[in-house]
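At position 7 of the sequence shown the residue is numbered 123 (this note's numbering), and the sequence of numbers has no breaks. Inspection log for the structure reproduced underneath, given as structure tokens.
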Amino acid sequence: MNQSIKITKLIAKALNAVGCAIGVTYNEYTSSELRRVMLELAEEGACGSQYEGCGYFNLGLVDSVHIDEMSDVFIAKNLIRNYK
Numbered sequence: 117m118n119q120s121i122k123i124t125k126l127i128a129k130a131l132n133a134v135g136c137a138i139g140v141t142y143n144e145y146t147s148s149e150l151r152r153v154m155l156e157l158a159e160e161g162a163c164g165s166q167y168e169g170c171g172y173f174n175l176g177l178v179d180s181v182h183i184d185e186m187s188d189v190f191i192a193k194n195l196i197r198n199y200k
């Protein structure tokens, strides 16, 4: 199976999990929509102290990580773990 198709399926699984769990809506299964949903959840307090604002997260690393530096797979797996 093509890597792009695998990632799209993973994104769909993550967005569907969030949608079922808390009713967050999404428009399509894309990287940008995955990031938009993640930021929306973070800004509403779903990430607790990990979210520092302006798209930055403290993941226990030395420096904060911006959401644009996170892979789609990392974001999707975290959403699935937290909302499935």
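A virtual CB, placed ideally from N, CA and C, is assigned to each residue, including glycine.
query = From G135, C170, L150, pick the residue whose C-alpha is nearest to that of H182; which is it?
reply = C170
request  = Can you check the segment 147 to 196 for any beta strand (DSSP E) of at least 3 residues that lies completely inside it and give the ranges in chain order?
outcome  = 167 to 169
query = Where do the N-terminal and C-terminal ends of the alpha helix (DSSP H) with K200 fall, by residue?
reply = Run containing K200: none; DSSP gives neither H nor E here.
key: With 16 other Cβ atoms within 10 Å as the buried cut-off, status of V178   = exposed
ask   = Roughly how many whole angstroms lie between the Cα atoms of K193 and L157?
value = 15 Å
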